[in-house]
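*Asks:*
Dropping the structure here:
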């Protein structure tokens, strides 16, 4: 059965073709319960993606520290207000943003043409995820899928804070730092994909709870 895909991107081979056509070879079979080791391995690789992930989070951390110190010295924020904005930001960025983050992944899947979209959680690993059963995507589509929540959440929150809620800048910055740190899995996926030189395709099997990665043979 051929999957209907968005006209935004070149059509990827279907799952059956990837598994049966000798023109493709499987380079990775990833169990859902092995996501954490996979993430930690790939976020430590050398490359632009891990460097960007570390740099953006470091920048947010330094901004929070400098902003807090500056406002204490100016007297515009008390130590108590700073503390509670940071606490609220951490909680919001670690917990409250999970539903919109995953919904944005689901929206990205819909844009790519997927219909059998499922949301899941693994409390043992404390990971939340979205899958589209046996719906292959290319390396470029994987990058789009992974980055949609990161880009939209940052743009929306920064814009809203700058326009209407500058008094909650510290809260927003802490929220985004927490959220962006938790995007580690998205960045790790792109890091792995970008480390593969050739054309790469991946799909999830929700029944077997596995992700498969294939590359086209040269």
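Numbering (this note's numbering), first residue to last: 403 to 620. Note that beta-carbon positions come from the ideal geometry of N, C-alpha and C, so glycine has one too. Since we're looking at a predicted model, the values are computed, not measured.
What is the DSSP secondary structure of residue 518, reduced to helix, strand or coil?
*Replies:* In this structure, residue 518 counts as coil in the three-state DSSP scheme.
*Asks:* Can you tell me whether residue 409 is buried or exposed, with buried defined as 16 or more other CB within 10 angstroms of its CB?
*Replies:* Residue confidence for residue 409 is low, a pLDDT of 45 falling below 50, so the modelled location carries little weight; the figure read from the coordinates is stated next. Residue 409 should be labelled exposed.
*Asks:* Pick from 607, 579, 418 and 610: whose alpha carbon is nearest that of residue 499?
*Replies:* Checking every option, the nearest Cα to that of residue 499 belongs to 579.
*Asks:* May I ask you to verify whether the region 486-498 touches the region 562-575, counting CB pairs closer than 8 Å and requiring at least 3?
*Replies:* Touching, per the Cβ criterion.
*Asks:* Excluding five sequence neighbours on each side, which residues of the same chain lie with their C-beta closer than 6 Å to the C-beta of residue 548?
*Replies:* Once the five neighbours on either side are set aside, the close Cβ partners of residue 548 are 588, 591 and 592.
*Asks:* Within 10 angstroms of the Cβ of residue 557, are there 16 or more other Cβ atoms? Answer buried if so, exposed if not.
*Replies:* Exposed, since its Cβ has fewer than 16 Cβ neighbours within 10 Å.
*Asks:* In three-state terms, what does DSSP make of residue 481?
*Replies:* Correct three-state label for residue 481: helix.
*Asks:* Should residue 553 be labelled buried (16 or more other beta-carbon atoms within 10 Å of its own) or exposed?
*Replies:* By the 10 Å Cβ count, residue 553 comes out exposed.
*Asks:* Using only the alpha-carbon positions, how far apart do residue 562 and residue 543 sit?
*Replies:* So the alpha carbons of these two residues sit roughly 28 Å apart.
*Asks:* Decide if the region 425-438 is in contact with the region 609-618; the criterion is three or more beta carbon pairs, one per stretch, under 8 Å apart.
*Replies:* Yes, since at least three Cβ pairs between the region 425-438 and the region 609-618 fall closer than 8 Å, the two stretches touch.
*Asks:* Identify the continuous beta strand (DSSP E) that holds residue 448 and give its terminal residues.
*Replies:* Counting along the chain, residue 448 falls outside any beta strand (DSSP E), and DSSP gives it neither H nor E.
*Asks:* What runs of the alpha helix (DSSP H), each 4 residues or longer, lie entirely inside the region 544-600?
*Replies:* Listed in chain order, they are 571-583 and 586-597.
*Asks:* For residue 463, would you say it is in contact with chain B, using Cβ-to-Cβ distances shorter than 8 Å as the test?
*Replies:* Within the model displayed, chain B is absent; a lone protein chain is all it includes.
*Asks:* Between which two residues does the alpha helix (DSSP H) harbouring residue 417 extend?
*Replies:* Taken as a continuous stretch (DSSP letters only), the alpha helix (DSSP H) holding residue 417 covers 417-422.
*Asks:* Given a threshold of 16 other Cβ atoms within 10 Å of its Cβ, counted over all protein chains shown, does residue 405 qualify as buried or as exposed?
*Replies:* Any reading at residue 405 is ruled out, since the residue's pLDDT is 44, under 50, leaving its predicted position unreliable.
*Asks:* Reducing DSSP to helix, strand and coil, say where residue 536 ends up.
*Replies:* Looking at residue 536 - three-state DSSP - the assignment turns out to be coil, as it is neither helix nor strand.
*Asks:* So, at 6 Å on beta carbons, what are the nonlocal neighbours of residue 411 in its own chain, with the 5 sequence-adjacent residues on each side left out?
*Replies:* Summary for residue 411: the model assigns pLDDT 46, below 50, so the residue's position carries little reliability; its value from the coordinates is reported in the next sentence. So the qualifying residues of the chain are 543.
*Asks:* Would you call the region 523-542 in contact with the region 445-458, where contact means no fewer than 3 C-beta pairs closer than 8 Å?
*Replies:* Contact fails: fewer than three Cβ-Cβ distances are below 8 Å.
*Asks:* So the candidates are 434, 465, 461 and 495; which of them puts its Cα closest to the Cα of residue 559?
*Replies:* Measuring from the Cα of residue 559, the nearest candidate turns out to be 495.
*Asks:* Quick one: grab the DSSP three-state call for residue 432.
*Replies:* It is a strand residue.
*Asks:* Bridge partners of residue 614, per DSSP?
*Replies:* Per DSSP, 431 and 605.
*Asks:* Going by other Cβ atoms of all chains shown within 10 Å of its Cβ, with 16 needed for buried, is residue 576 buried or exposed?
*Replies:* When all chains shown are included, residue 576 counts as buried.
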